[in-house]
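Trainee:
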Amino acid sequence: METIGVFKWKVPDYSKFTVDFNSQQYLPSSSDCVALETSADSSCFRSFSILVSGNEDMHTELRVRCVVELALFIEFYMSDEDIFRKMSAQKKHLKDTGSHFEDIANDRSLLEAIYQKEIISTCKPSSDSGVLQLLALGSIIRRKIM
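Using our numbering, you'd call the opening residue of the sequence shown number -8 and step up by one each time.
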């Protein structure tokens, strides 16, 4: 078992979880991954909690850590143009601006506004998670996210 900050990284005992067969069909058949059933709340924090602790109890802590990660390391995340391109592909992040990535790529203030909106959105329980949150969670648990 490897300790990561306050987390002890362990492979959960899958036998105590229910496999989410509906989601499992979207994983490649050659994958060793298993889709586990979690409480549905439109975010990935409960799933990450299972990965880190073996249960969903840490979902709020992980959400808070994600907000802190995104707020503290804004320059790190803002420096990666690919992040905003992926966010643009999700479309939900740009619908309020009525813009496409190409329209805003050179507008630093608009990119910062979108980024700040993401941080604020992450604070809200059950808010949707996206590329930015997944990257932040990867940093938090010190694991590469597929």
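Glycine included, each C-beta is placed from N, C-alpha and C at the ideal position. Computed from a predicted model, the values in this text were never measured in an experiment.
Sorted by chain position, which residues of the same chain lie with C-beta nearer than 8 Å to Ile41's C-beta, five sequence neighbours on each side aside?
Mentor: Once the five neighbours on either side are set aside, the close Cβ partners of Ile41 are Pro3, Phe8, Leu27, Thr29, Glu47.
Trainee: Looking at the structure shown, is Leu18 part of a helix, part of a strand, or coil, going by DSSP?
Mentor: Leu18 falls in the coil class under three-state DSSP.
Trainee: Is the CB-CB distance between Ile136 and Leu128 below 9 Å?
Mentor: Their beta carbons are under 9 Å apart, which means Ile136 touches Leu128 by this criterion.
Trainee: Does DSSP put Thr88 in a helix, a strand or coil?
Mentor: Low per-residue confidence applies at Thr88: pLDDT is 49, beneath 50, and the placement is therefore not dependable enough to give any value.
Trainee: Please classify Thr51 as buried or exposed, where buried requires at least 16 other C-beta atoms within 10 Å of its C-beta.
Mentor: So Thr51 ends up on the exposed side.
Trainee: Where DSSP assigns a beta bridge to Leu27, which residues make up the other side?
Mentor: BP columns for Leu27 point to Val10.
Trainee: For Ile131 versus Cys57, is the C-beta distance shorter than 9 Å?
Mentor: For Ile131 and Cys57, yes; Cβs fall inside 9 Å.
Trainee: Where does Arg197 land, buried or exposed, given buried means 16+ other C-beta within 10 angstroms?
Mentor: Only positions -8 to 137 of the chain appear in the structure, and residue 197 is not among them; the question remains open.
Trainee: What span of residues does the alpha helix (DSSP H) with Lys115 cover, start to end?
Mentor: Looking at the DSSP string, Lys115 is not in any alpha helix (DSSP H), and its letter there is neither H nor E.
Trainee: Helix, strand or coil, according to DSSP, for Glu52 in the structure here?
Mentor: If DSSP states are grouped into helix, strand and coil, Glu52 belongs with the helices.
Trainee: Classify Gly45 as helix, strand or coil using the three-state DSSP reduction.
Mentor: In the structure shown, Gly45 sits in coil (DSSP, three-state: anything other than H, G, I, E or B).
Trainee: Whole angstroms are fine: how far does the CA of Tyr106 sit from the CA of Ser120?
Mentor: Cα to Cα, Ser120 sits roughly 13 Å from Tyr106.
Trainee: Taking just the CA atoms, how far does Val59 sit from Ala104?
Mentor: One C-alpha to the other measures close to 17 Å.
Trainee: Could you check which residue in Gly45, Arg133, Leu18 has the C-alpha nearest to that of Ser6?
Mentor: Nearest C-alpha to Ser6: Gly45.
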